[in-house]
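S.K.: Would you mind keeping the following structure in view while I ask a few things?
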Amino acid sequence: MATARTMIAASSIVATALLAGCMSSGPDGGGSGRVMSRAVSVEGEWMSSDGVAISRFSGGAFETVATDTGNKLADGNYRMANERAVDITVISLIRQTTTNVTCAIATADQLNCTSSGGQTFVLNRRKTAGA
Numbered sequence: 000m001a002t003a004r005t006m007i008a009a010s011s012i013v014a015t016a017l018l019a020g021c022m023s024s025g026p027d028g029g030g031s032g033r034v035m036s037r038a039v040s041v042e043g044e045w046m047s048s049d050g051v052a053i054s055r056f057s058g059g060a061f062e063t064v065a066t067d068t069g070n071k072l073a074d075g076n077y078r079m080a081n082e083r084a085v086d087i088t089v090i091s092l093i094r095q096t097t098t099n100v101t102c103a104i105a106t107a108d109q110l111n112c113t114s115s116g117g118q119t120f121v122l123n124r125r126k127t128a129g130a
């Protein structure tokens, strides 16, 4: 019984990580962020808007971990599509599915993302101690 609950909870977390707090914002993500004149790096840690998962971008490698357990939920890779967007290939480690995601760099601290299935979500740059 505990195993079934663990699998259901893990599946739910993976879905949440992939959707990272699915939101019903418009294509521009709403808000009026400052205008950026140069490319912004996505390197570092980004928190899902619901606080359930942290996504890490490092040298072309991508991973998502659960905030409560630290368990890896997804990995994959990313590349800058241009100076205002990043393309991510997300591989769910539990469901063994691959999803393509494109994130517009709304501000230096916010990514407005859309999956190949049309779900939208927001990732916010995670502030580190001393930052």
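Just so we're aligned: the sequence shown equals residues 0 to 130 in numbering that gives the first Met the number 0. Heads up, the beta-carbon is just placed ideally off N, CA and C, and yes, glycines get one too.
Can you say whether T63 is buried or exposed, counting buried as having 16 or more other CB atoms within 10 angstroms of its CB?
M.R.: So T63 ends up on the buried side.
S.K.: If you draw a straight line from the alpha carbon of V100 to that of V39, how long is it in whole angstroms?
M.R.: One Cα belongs to V100, the other to V39, and the distance between them is close to 18 Å.
S.K.: Would E44 and I53 be called neighbours here (beta carbons separated by less than 8 Å)?
M.R.: yes
S.K.: Does the separation of the CB atoms of I104 and A84 fall below 8 Å?
M.R.: yes
S.K.: Which residue from S48, D86, D67 puts its Cα closest to that of F56?
M.R.: D86
S.K.: Which partner residues does G75 have in the DSSP bridge list?
M.R.: BP columns for G75 point to F61, V89.
S.K.: Using the rule of at least 16 other Cβ atoms within 10 Å of the residue's Cβ for burial, across every protein chain shown, is M115 buried or exposed?
M.R.: With the sequence shown as reference, residue 115 is identified as Ser, and Met is not the correct amino acid for it. It counts as exposed.
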